[in-house]
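For any residue, its number in the working numbering is found by taking its place in the sequence shown, counting from 1, and adding 5. Just below is one structure, and these are the notes that go with it.
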Amino acid sequence: MARTTTVLLVGGSGHWAGRENHAPALLEMRQSGWPVRTAVICDPRNPEKRAQGEDMAPLRELLWRDSPKWLNPDGLSRTELEAVLDRAHSTHRFSLAIIACNPVHHRDYILWAVSRGISVL
Ligand SMILES: NC(=O)c1ccc[n+]([C@@H]2O[C@H](COP(=O)([O-])OP(=O)(O)OC[C@H]3O[C@@H](n4cnc5c(N)ncnc54)[C@H](O)[C@@H]3O)[C@@H](O)[C@H]2O)c1
């Protein structure tokens, strides 16, 4: 039996992650029997509020199935953000970080994740 893939979804309230690509793919993986769970959504926009949008059915279903915690990076320095991510990682033991926020922030999240041995998409 495969170990559960535990996901940190960065930018999960966005169009590409919450509607168009990642949430549907994660739901499909789960549907096909792959043990996968989105444990944390890191986004300045509240995913619960975003999921109320008519166009955000995949995000709504992901929240309903996985109950991910919301991590709000707004206003945090890089050091503070890393500390918050480290605390979340020690709780959830992420195996995968999906980085789907604005490209300007990709590098910080990638460096954080790979330096902790977490796979990155
Ligand atoms: N929309 C597309 O068709 C498409 C296609 C291919 C790739 N992409 C890529 O996906 C990424 C997101 O695009 P989008 O269209 O979903 O944009 P979007 O603006 O809808 O979503 C981006 C999300 O990132 C969040 N965000 C902003 N700053 C953040 C931070 N510091 N930490 C975490 N989250 C933060 C925003 O609040 C938002 O929810 C981009 O890198 C884009 O190039 C988009």
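Quick reminder that beta carbons are idealized off the backbone N, C-alpha and C, glycines included. Since we're looking at a predicted model, the values are computed, not measured.
Looking at Ser-72 and ligand 1, is the gap between the Cβ and the nearest heavy atom below 7 angstroms?
-> No, since every heavy atom of ligand 1 falls outside the 7 angstroms radius drawn around the Cβ of Ser-72.
Taking all protein chains shown into account, decide if Thr-11 is buried (16 or more other Cβ within 10 angstroms of its Cβ) or exposed.
-> A residue is called buried once 16 or more other Cβ atoms fall within 10 Å of its Cβ, and Thr-11 is buried on that count.
Taking all protein chains shown into account, do 16 or more other C-beta atoms lie within 10 angstroms of the C-beta of Leu-116, making it buried, or fewer, making it exposed?
-> With fewer than 16 Cβ atoms within 10 Å of its Cβ, Leu-116 is classed as exposed.
Mind checking whether Gly-16 and Asp-60 have CB atoms under 8 angstroms apart?
-> no
Just the C-alpha distance for Arg-8 and Pro-40, rounded to the nearest angstrom, thanks.
-> The C-alpha of Arg-8 lies about 7 angstroms from the C-alpha of Pro-40.
Quick one: any contact between the region 26-35 and the region 73-85, if contact means 3 or more CB pairs under 8 angstroms?
-> no
Glu-25 Cβ short of 7 angstroms to ligand 1 heavy atom set = yes
Proximity to Phe-99 [Cα-Cα], best of Ala-105, Asn-107, Val-119 = Val-119
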